[in-house]
Every structure is written in structure tokens, then in C-alpha cells.
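J.: Residue numbers (our numbering): 243 to 719. Every residue gets a Cβ at the ideal spot worked out from N, C-alpha and C, and that includes glycine.
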């Protein structure tokens, strides 16, 4: 991964310069990276992007060329530029592992470092985590609608730039896709790549049948034919069956056919009938063409006979919800070992922040293994799982629940300690499998695509009292 230290907003550097000039550069600060709300009709997100965030932090430095450019802006003195030239990350980062189901206001990543370092990290960390979490969450919705049928990520040509294509495909695999068309992502992360031919292949030959025969001759043991170039049921499927017969005579079995346009429910049903009658009950029907979770859900409700979905534009761009809206906020400062909580107040209550040096507990039912609720607490707090625990709605405190017979897991784990990386990222396949297990811990009501059940996220009594105290003190000022 290339050095992204200069991929930042200018105000990060001007604030860093201000801290430096006021002698505050080595003050220890704590920042939380979190998002405020879920996308419509969704109860959670699937966090992704940590591996790239680690690479960015580990390699953060300003080269001589970078320093030369910053000098040309005529904003910073030579002493500060020399400071930047020697800057390396020396703090602590805790984060929630990729593939974990997460909820609004929970710190996905917690940075404790000298304030200049912590401040400079903001923009790039948000860029990486926001994007991949967005796409992983969208992919999860698409895969949920497919209901265990395979979903392939086909979005590279419509992605909003090369990085969005590469890392969007990576995030889609975390969200549940079984393969990608993106060859570079396959090479970089050792995941399956899939694809067949385009309409241009068929149009490049004198006839559709000749095009199919030519393709089958090159890929006899993995023959997948696109049948909707001219007339899906009138010529495409019959010609595919004819070529399949010829392959079978040579000892090969076809993979199937792909539909890319038209009434996919009707065409898939009729194509299935034709393939079965011809003796190709195992031939799969792939579909593509402006699919998303809503389209797939409707196709299934109409009885479509589809085995594999290739989803492109609407997945790789998360077209109906194109930004996660994650933020990075100061939550505490540390002076001589003492923690001083910080809090932002806003006329919009949802924009007020949770103060303090925090961690997250996830509570699971001992009986079912399902997640019951999350509790955001201060770092020193512990939970006694042998005792009943009363949880409140964080805003509407009259709503409460008693939790019994549960076990606890802390979500934030160490990634960097004193500037040294202490966490090794799993492979993408391992993250994808972990994400699948994570989703199994949610009740079905929280995963449905329309009006999902709201998962409970509470704050501890100590954190509630701290927020109340700081709200009063700040309002009084």
C-alpha cells in the first residue's frame, strides 16, 4: 500500500501546526471513530477496512517531496516542517475486528496518541473505514436477500475509481460475496475470481451458435454462456443446449447460462424448464443487470429459478446510501496519567458525543449464543456476568431490560501499543468466515430488510452520569 500521509485535509495540518506552536503537540489525546446512524431499514453495519488502516498508520511518514510541497504552501515554519519530517506514530490504537457486526455510537476504532499524531490520522482513517464498512454492509444486505444463493461482486467498471473498485470488492467479500470479477483484488487477497464472456463476444462471430461453440472450445470444462444477446428463449437457450450436447459428447459438463436483461423472473423459469427437459438439471442459471437486495428479494418472491447473482453498480457504489457518515471525535485528554473527559454538545442531540476513555461489552445469551445487547462503558469498568444486569435505552431511560444468564465479550482489541503493531490481520477468507459467524449471532428480526428490530445499545451508569455532569458543566459555561 502506498504512503497515504499526505491524503489528508489541510485543516488537520493547520491544527497540528497550531498545537505545535502552542506547545501542545505532545499532549496525549483520545479520539473515537464511530458512526451515528444506520442506513434506512438496517439495524447494524459490518465493519471493514482495518487491514488498510493498519498499513496506513504503520507506514505514516512525510517524505522529502512531501515536506517540499508543504513548504511551498507558505503556511508552516521550518521548525515544524522538520518535526513532520521525523514524525512516526507512537501511540495506541484499539479497534473492533473486521467482519464484526457494529452499531451506532460505538467506537469502531480508538486512538490514544500525542494530539498531533492523533489529529493527522483522522481524515485517512475515516476514508478507509467509512468506505469499506459501507460496502461490506451493502453486500451483506444483498447476500441476505439471496438467502444462501451465491452472490458475485461484479462492480469494478462502475466503481468510483480504482481504489473503490479494489477495496470495495474486498469489502464485498467480507459482507458475504463468494467471488469477485476483479482480478487485482483476487490477486492481492487470494479470493476466488469469476466471470464469463460479454455480448461483444457473441457479436464478434457470424452467428450466436458459432460464438457459443468457439467459447466452449476454449473453456470446455467451465463453459458458461451468455444467452440474451439476441433472443433469450428463441435462440440463446436453444443454442446453448446444442453446444452443451456437443460438450457432453466429448465428456464435459457445462456450468450453465447467464441472463443479463429482460424479465429475469420469467426468463429464468422458462430457461430452467428448457434446460431440465434437455437433461441439464445441474446447469446453473446466473443473472446480472442492475441487481440489488430489493430486486433479488422480488425475484425470489416471484418464483425465479436463479442459482447465482452477479451484482455490480448498486453494490460497489451502495447507490441507495452512498456514505456511511462516520466521524472522529475527541473524547478525552490525558495529563500526568489522569484522564480528562471531553464532550461535544450540539443543538442536534444526535451530534453530541460520548465522553471519556471507553470500551464496549457485547452480551450473549448462554442458552442460544445470540447477542442480547451492547454496553458502552468507561475503560476501568467490568461486568459481573454472574449477576443480573439492568440495561436502559440510552436516550429514553424509562425503557429498560434485565439481562440474566449471559456471557460477555469485549469488542475493542489492541492493534498498536506504543507505536508497535501487535495485531496481525487475518486473511480475507478468514475475515469473511468470521463475518458469517458474527451474523449468525443476530436474531433474524434484526437482519430483515424492512423495519428490522432495533438492537439494544446502552451506556453504563458511570458513563451516563459522566455525560450528564459534563452536559451541565458545559451548558453552564
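To the nearest angstrom, report how far apart residue 325 and residue 274 are at their CA atoms.
T.: 25 Å
J.: Taking C-alpha atoms, which residue in 491, 476, 448 and 437 lies nearest to residue 467?
T.: 437
J.: Between 655, 620, 670 and 616, which lies nearest to residue 648 when the distance is taken from Cα to Cα?
T.: 616
J.: Across the region 366-383 and the region 311-322, are there enough close Cβ pairs to call them in contact, namely three or more that are closer than 8 Å?
T.: no
J.: Assess, as a yes-or-no matter, whether the region 507-526 is touched by the region 544-557 under the definition of 3 or more beta carbon pairs within less than 8 Å.
T.: yes
J.: Quick check on the DSSP output: the beta strand (DSSP E) that includes residue 437 runs from which residue to which?
T.: First-last for residue 437: undefined, no H or E at that position.
J.: Tell me, to the nearest whole angstrom, how far the beta carbon of residue 684 is from that of residue 574; I am working on the premise that it is less than 8 Å.
T.: At roughly 31 Å, the Cβ-Cβ gap does not stay under 8 Å, so residue 684 and residue 574 are not in contact.
J.: As a quick exercise: from 309, 397, 352 and 471, pick the residue whose alpha carbon is nearest that of residue 561.
T.: It is 397 whose Cα lies nearest to the Cα of residue 561.
J.: Looking only at DSSP bridge pairs, what is residue 600 linked to?
T.: 620
J.: Would you decide whether residue 449 is buried or exposed? Buried here means 16 or more other CB atoms lie within 10 Å of its CB.
T.: Looking at its Cβ environment, which holds fewer than 16 other Cβ atoms inside 10 Å, residue 449 is exposed.
J.: Which runs of the alpha helix (DSSP H), 4 residues or longer, sit entirely within the region 448-519?
T.: The region 448-519 contains these whole alpha helix (DSSP H) runs: 450-460, 479-491 and 506-519.
J.: Does the Cβ of residue 347 have 16 or more other Cβ atoms within 10 Å, making it buried, or fewer, making it exposed?
T.: buried
J.: Return the first residue and the last residue of the beta strand (DSSP E) that residue 651 is part of.
T.: 648-652
J.: Checking 8 Å against the spacing of the C-beta atoms, do residue 530 and residue 552 come in under that value?
T.: Their beta carbons are under 8 Å apart, which means residue 530 touches residue 552 by this criterion.
J.: Can you tell me the Cα-Cα spacing of residue 624 and residue 268, whole angstroms?
T.: Roughly 30 Å between the two C-alpha positions.
J.: Note down the Cα distance separating residue 664 from residue 515, rounded to an integer number of angstroms.
T.: 56 Å
J.: So is residue 686 in contact with chain C if we call contact Cβ pairs under 8 Å?
T.: Looking for chain C here will not work: only one protein chain is present.
J.: Just to confirm, is the Cβ distance from residue 454 to residue 658 under 8 Å?
T.: no
J.: Could you give the C-beta distance for residue 620 and residue 634, rounded to a whole number, given that I count them as a contact under 8 Å?
T.: Actually they do not touch by this definition, with Cβ atoms about 16 Å apart.
J.: What's the gap between the Cα of residue 342 and the Cα of residue 460?
T.: Residue 342 and residue 460 have their C-alpha atoms spaced approximately 42 Å apart.
J.: Do residue 340 and residue 293 have their CB atoms nearer than 8 Å?
T.: yes
J.: Identify whether residue 522 lies in helix, strand or coil by the three-state DSSP scheme.
T.: The answer is coil: DSSP assigns residue 522 none of H, G, I, E or B.
J.: Hey, which unbroken runs of the alpha helix (DSSP H) at 4 residues or more fall wholly within the region 361-397?
T.: none
J.: Tell me the DSSP bridge mates of residue 354?
T.: 272 and 334
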